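Last residue of the sequence shown: 309 (the numbering used here), numbering continuous.
Written out below as structure tokens is the structure these notes cover.
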Amino acid sequence: MVGAGHAHIVALRRFAKNRPDAEIILINDGPHAWYTGALPALIRGEILKDQARLDVRALTKACGATFIDANYTGHCERGGAIHLSFQNHDSIACDLLALSIGGKTEGGVKPIPALLGRIKNLETLAAPKIAIIGAGAGGVELALALRIRLGKNAAIFLQSPESGILQSAPARARKIAGAALQTAKIIVTQTPPEAVDETIRAYTPEPALAIRPTLQLTTSDKIFATGDCAKFAPPLPRSGAIAVRQGRVLAHNLSHVDCQNFHPPAATLAIMSLNDADALAWYGRFFWHGKWPMRLKTMIDLHWIS
Ligand SMILES: Cc1cc2nc3c(=O)[nH]c(=O)nc-3n(C[C@H](O)[C@H](O)[C@H](O)COP(=O)(O)OP(=O)(O)OC[C@H]3O[C@@H](n4cnc5c(N)ncnc54)[C@H](O)[C@@H]3O)c2cc1C
């Protein structure tokens, strides 16, 4: 299993239980799996780093699996086995491969340790200027959290596509989020003519690994991919909630010959914090605003980390 993405966190425990005879190796480029759901609270200074990340070494040990801290660079199928290569580790051969390495882009939010370092540097500036590209739930949440962290002297720009912020949210939710951004003096720009939509596309490239409903690659029965690195048909939103659901199917399909299909949910519950007390939640065309969505979000975040 390469990458400690959400699907692998879920699948590892189940797969290890289903197949105690299998030798399972989890490879991640670092000892932690960061949880973006808790990132805004971490940026606002409400929680500590260990409340926003999982100790992957401890998790693998508890599952009777092996952890390797290495940077995966590619694989090839040869002589009935899959050969994995790494930047900082000898190659490994295996019978089945699962990839859950996320959709990080150079200079983007991930890897999170690098982002936290950049934010720390911004704190040393008297009047930092920040542009956030992409005004989905992650971008809006990040902009609001940065305002709380960096104070009123920071100039924060949020670049949204021409269609506006929170494209998948109901209209009333978009309005409330827009008002919160205005109150926080975050400048939402849709700088025409070419820049924004193209830049957003450049930072959120299409996932490279085309998969079937069984989560197997279209090109191999022995290789699976899940989460933000996998390209499903029809396209799925980039979401931990979807990846977690894929993890349950992945655990079954790694353990059994008769593979199950992953059926994407028609809608998932989205919860976005506006500050330390209020959140905005939506599910399809329904939405809620205020303290209880925030309490629910905190409960979900704590549950995931624990
Ligand atoms: C600010 C923000 C808030 C968000 N909040 C939410 C939320 O509340 N709910 C929600 O559902 N989604 C949320 N998202 C979206 C969510 O982060 C992703 O969609 C989700 O993390 C799915 O990613 P993943 O599980 O595929 O991979 P990731 O969570 O990105 O994990 C990939 C793992 O693979 C490792 N890795 C990467 N490359 C390599 C390599 N070459 N070799 C070895 N290991 C590697 C990484 O270190 C990481 O541990 C948020 C996003 C942002 C930016």
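Quick reminder that beta carbons are idealized off the backbone N, C-alpha and C, glycines included.
Just so we're clear, the structure is a prediction, and the values are computed from it rather than from any experiment.
Classification of residue i by the beta-carbon crowding that lies within 10 angstroms, buried from 16 upward
i	result
D98	exposed
E144	buried
H9	buried
G83	exposed
H78	buried
N31	buried
L128	exposed
A96	exposed
K178	exposed
M302	exposed
Cβ-heavy atom distance, residue i to ligand 1, below 7 Å
i	result
V5	yes
G120	no
A36	yes
Y75	yes
R241	yes
H9	yes
A138	no
T63	no
L100	no
G230	yes
A3	Residue numbering for the chain in the displayed model covers 4 to 309; residue 3 lies beyond these limits and cannot be assessed.
K113	yes
P116	no
T301	no
G141	yes
G40	yes
P43	yes
S171	no
Residue i and residue j closer than 8 Å at C-beta
i	j	result
L42	K52	no
I168	A180	yes
I104	V252	no
Q170	I135	no
D279	G293	no
L212	A228	yes
W37	A55	yes
G48	D231	no
A284	A273	yes
L100	S94	no
Rounded separation between residue i and residue j - CA only
i	j	result
A233	H11	13 Å
P267	V59	27 Å
A172	A182	15 Å
R150	F290	24 Å
G154	V13	37 Å
I226	R175	42 Å
Y286	I245	14 Å
V260	A140	38 Å
P196	S166	Reliability fails at P196, whose pLDDT of 46 lies under 50, so the model's placement of it is uncertain and no value is given.
K132	A157	6 Å
I28	L118	28 Å
F235	T221	10 Å
L102	K113	17 Å
D24	D72	23 Å
V191	F160	6 Å
A7	G40	15 Å
I122	I50	16 Å
V247	F265	11 Å
F89	I115	21 Å
L15	N91	23 Å
L57	G137	26 Å
K300	G142	17 Å
Min CB distance residue i to chain B below 8 Å
i	result
G139	Among the chains of the structure shown, chain B does not appear; only one protein chain is present.
**OP:** Evaluate the contact criterion for the stretch 240-257 versus the stretch 209-225: three or more CB pairs, one atom per stretch, below 8 Å.
**Re:** yes
Original post:
Is there contact here, the stretch 60-72 with the stretch 13-20, by at least three beta-carbon pairs under 8 Å?
Top reply: yes
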